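Numbering (this note's numbering), first residue to last: 751 to 975. Beta carbons: idealized from backbone N, C-alpha and C, even for Gly. Just so you know, these numbers come straight off a predicted model, no measurement behind them. Here is the structure we will look at, set down as structure tokens.
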């Protein structure tokens with residue numbers, strides 16, 4: 751199956767679009783995911799347009815607010831870690847889109863790490879590496895503690911757990927991106943209270959609609975105080 755290209759839609763919604771080489775890598779990633787699904791469960795999202803929106807577009811949507819608020823930041827050589835990466839989302843699309851960044855994919859499941867090693871090798875993602883472990887433990891490791899400019903968490907537990915996982919990895923000036931579905935004012939109040947205890951603060955809560963299915967999504971941007 752062939753992924754849709756949708757270059758104009760990329761540009762209209764995220765002010766970014768893949769070049770030919772990046773689109774080819776997205777297609778190859780899609781094929782590797784479909785193949786990997788036959789060995790173990792990676793994702794139920796396998797149809798081309800749904801995969802494009804819910805895995806590729808959604809992964810990169812987390813960077814849209816940074817693109818608008820701190821465009822110069824994205825041009826720098828940043829260190830990024832994807833906590834609980836699973837099948838590699840959002841980390842692998844981010845690594846493809848921003849080859850000048852150093853991306854670490856963290857997961858606690860050996861089978862998924864083995865699969866991601868194959869993906870990294872076949873896509874020739876020289877800027878990407880894996881780490882086997884649990885976020886709450888790895889975050890205390892001197893090599894990873896306070897070591898990252900961007901920390902991403904997508905579909906990893908409730909928001910309070912995500913905050914506790916993310917903050918130890920952040921540099922003093924780093925930003926955590928929490929990918930969420932629905933979000934309410936009450937959720938924000940609860941998050942602010944828990945962030946205060948954890949030593950963090952909310953930079954932005956961005957709401958947006960996905961371009962094909964028109965689903966509501968939110969991204970939370972958090973830093974250390």
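| query | result |
| --- | --- |
| To the nearest angstrom, how far is the alpha carbon of residue 947 from that of residue 957? | 25 angstroms |
| In the DSSP assignment, what residue or residues form a beta bridge with residue 950? | 974 |
| Would you kindly work out how many angstroms separate the C-alpha atoms of residue 852 and residue 877, rounded to a whole number? | 5 angstroms |
| Could you round the C-beta distance between residue 843 and residue 809 to whole angstroms and report it? I think they count as a contact, below 8 angstroms. | 4 angstroms |
| Ignoring anything shorter than 4 residues or poking outside the region 781-829, list the alpha helix (DSSP H) runs there in chain order. | 798-801, 808-811, 814-819 |
| Please return the same chain residues whose Cβ sits closer than 8 angstroms to the Cβ of residue 815, not counting the five positions on each side in sequence. | 954, 956, 969, 971 |
| Where do the ends of the alpha helix (DSSP H) carrying residue 887 lie? | 885-888 |
| Note down the Cα distance separating residue 848 from residue 840, rounded to an integer number of angstroms. | 12 angstroms |
| Could you confirm whether any beta carbon from chain B is found closer than 8 angstroms to the beta carbon of residue 784? | Absent from the structure: chain B. Only one protein chain is present. |
| Mind the definition here: the region 926-940 touches the region 889-896 only if three or more C-beta pairs lie below 8 angstroms; say whether that holds. | no |
| Exposed or buried, which one is residue 805 when buried takes at least 16 other CB atoms within 10 Å? | buried |
| Less than 8 angstroms between C-beta atoms, sequence neighbours within five positions excluded: which residues of the same chain meet that for residue 945? | 913, 951, 952, 972 |
| Following a CB-centred definition, is residue 862 positioned closer than 7 angstroms to any heavy atom of the ligand MG? | This structure lacks the ligand MG; in fact it carries no ligand of any kind. |
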